[in-house]
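Read through the structure below, which is laid out as structure tokens, and then see the notes.
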Amino acid sequence: MTTLFLRVFKTLAICSVFSTSVAIADKNVMGDNPLLYSVAWKQTAAEYQALYYQGFNVARMHVEAALANHKEGDKPIAIVSDFDDTLAQPLAYWGDLVNKNLDFFDDSIWDKWIPTNGMIASPGAKDFLDFCDENGVEIFYITSRDQGEKTVEYALGNIRHLKFPLKDESHLTVLRDTSNKEKRQDEIMKSYDVAVFLGDNLNDFRRKYYIKGDIEGRIAKMEEDRDMYGMKYVLFPNPTDGQWLAAIFGQSEPSASDKNRLILKKAASKTAWDNK
35 MTTLFLRVFK
45 TLAICSVFST
55 SVAIADKNVM
65 GDNPLLYSVA
75 WKQTAAEYQA
85 LYYQGFNVAR
95 MHVEAALANH
105 KEGDKPIAIV
115 SDFDDTLAQP
125 LAYWGDLVNK
135 NLDFFDDSIW
145 DKWIPTNGMI
155 ASPGAKDFLD
165 FCDENGVEIF
175 YITSRDQGEK
185 TVEYALGNIR
195 HLKFPLKDES
205 HLTVLRDTSN
215 KEKRQDEIMK
225 SYDVAVFLGD
235 NLNDFRRKYY
245 IKGDIEGRIA
255 KMEEDRDMYG
265 MKYVLFPNPT
275 DGQWLAAIFG
285 QSEPSASDKN
295 RLILKKAASK
305 TAWDNK
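With the first letter of the sequence shown counted as 1, position 28 gets the number 62 in the numbering used here; the numbers rise by one all the way through.
Following this line, the structure appears as structure tokens:
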């Protein structure tokens, strides 16, 4: 009887340990990582890709209209575009964060990943850029990055790897110490008729959208320019990072902390049904 009892006890103990291990494993796999839905959408959703085609189709229509209305003596036509998450998608970077169960942007991994040329062209980006290039439209790239002394070299490498047209290096502006693109945009507009601006972030269009810690204030600024979207500004989706985070956290790259996870949860439940 004692032997039977010991066997049953051991069996139950093993089952308990196994069940606990499975539960822990499931938690490790699923976790509480707030990036999962956003990254899964970027990696797999046809809707995500369709929004890029839609954006570049709209941009092309405006370029075609500018070409059709262009007269001798007018300023040359140009487009001004952000790079990351606009013309190129860093999907593998986000996949790596998920595999590491990291739930906030990680600068050190980003800086290590950039020179690998792991980005892929956004759907429709290459066709749109080639159309502009073939029709004499100047293409200006403006990106905010800082990977040290080789930042410009890496950015040029990304452009060339994707076979995007680049007239010369003066058509690439890399901002290492600021995300304010307005000064360079204004310089371009003095000499060119900019048919369209492209970006995944309102701050890619004008600096006034760079607002920290004020969600409603940033939305109000956007509302002021509601007639610009789809017209002069073409905006692409980005649910993983950008200046929209600064409106929530007070900074665009918040640290991975329990405090910030609670802040994110509060933002996500800004409007919620009181289901009692």
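Cβ atoms here follow ideal geometry from the backbone N, Cα and C, with glycine treated the same way.
Exposed or buried, what is Thr305 when buried is set at 16 or more other beta-carbons lying within 10 Å of its beta-carbon?
Here the question's residue 305 lines up with position 271 in the sequence shown. By the neighbour-count rule (16 or more Cβ atoms within 10 Å), Thr305 is not buried but exposed.
Closer than 8 Å by C-beta to Met262: which residues in its own chain qualify, once you throw out the five before and the five after it? Chain order, please.
Here residue 262 is taken as the residue at index 228 of the sequence shown, counted from 1. Closer than 8 Å at Cβ, skipping near neighbours: Phe239.
So what does DSSP say about Gly182, is it helix, strand or coil?
The residue given as residue 182 occupies position 148 in the sequence shown. Residue state, collapsed to three classes: helix.
Tell me the DSSP secondary structure of Thr274 in three-state form.
Taking the sequence shown and counting its residues from 1, one reaches residue 274 at position 240. Correct three-state label for Thr274: coil.
Please go through the same chain and pick out, in chain order, the residues whose beta-carbon is closer than 8 Å to the beta-carbon of Gln26, but skip the five residues on each side of it.
Beyond the ends of the chain as shown, which are 35 and 310, falls residue 26; an answer cannot be given.
Within the segment 216–240, note down every full alpha helix (DSSP H) run reaching 4 residues or more, in order along the chain.
216–225
Please identify the residue among Asp275, Val268, Arg241 and Gly264 whose C-alpha is closest to the C-alpha of Lys255.
Within the sequence shown, residue 255 is the residue found at index 221, counting from 1. The shortest Cα separation from Lys255 among Asp275, Val268, Arg241 and Gly264 belongs to Arg241.
Of all the options Asp119, Tyr243 and Pro199, which has the alpha carbon lying nearest to the alpha carbon of Ile113?
Position 79 of the sequence shown, counting from 1, holds the residue named residue 113. Answer by Cα proximity: Pro199.
What number of angstroms, rounded off, separates the C-alpha of Pro271 from the C-alpha of Ile249?
Reading the sequence shown from its first residue, position 237 is the one you call residue 271. Reading the sequence shown from its first residue, position 215 is the one you call residue 249. Looking at the two C-alpha atoms, the distance is approximately 18 Å.
Have a look at the DSSP bridge pairing and note the partners of Gln123.
Taking the sequence shown and counting its residues from 1, one reaches residue 123 at position 89. Gln123 is bridged to Ile154.
With respect to 7 Å, is the separation between the Cβ of Trp278 and the closest non-hydrogen atom of the ligand MN below this value?
As far as ligands go, the structure on display features none, and thus does not contain the ligand MN.
Complete beta strand (DSSP E) runs within the segment 63–133 (minimum length 3 residues, chain order):
111–115
Relative to the C-alpha of Val92, which residue among Ala229, Ser178 and Lys310 is closest?
Position 58 of the sequence shown, counting from 1, holds the residue named residue 92. When only C-alpha atoms are compared, the closest one is Ala229.
So Tyr226 packs on Lys146, CB below 8 Å; how close in whole Å?
Translated into positions along the sequence shown, residue 226 becomes position 192. Translated into positions along the sequence shown, residue 146 becomes position 112. Actually they do not touch by this definition, with Cβ atoms about 36 Å apart.
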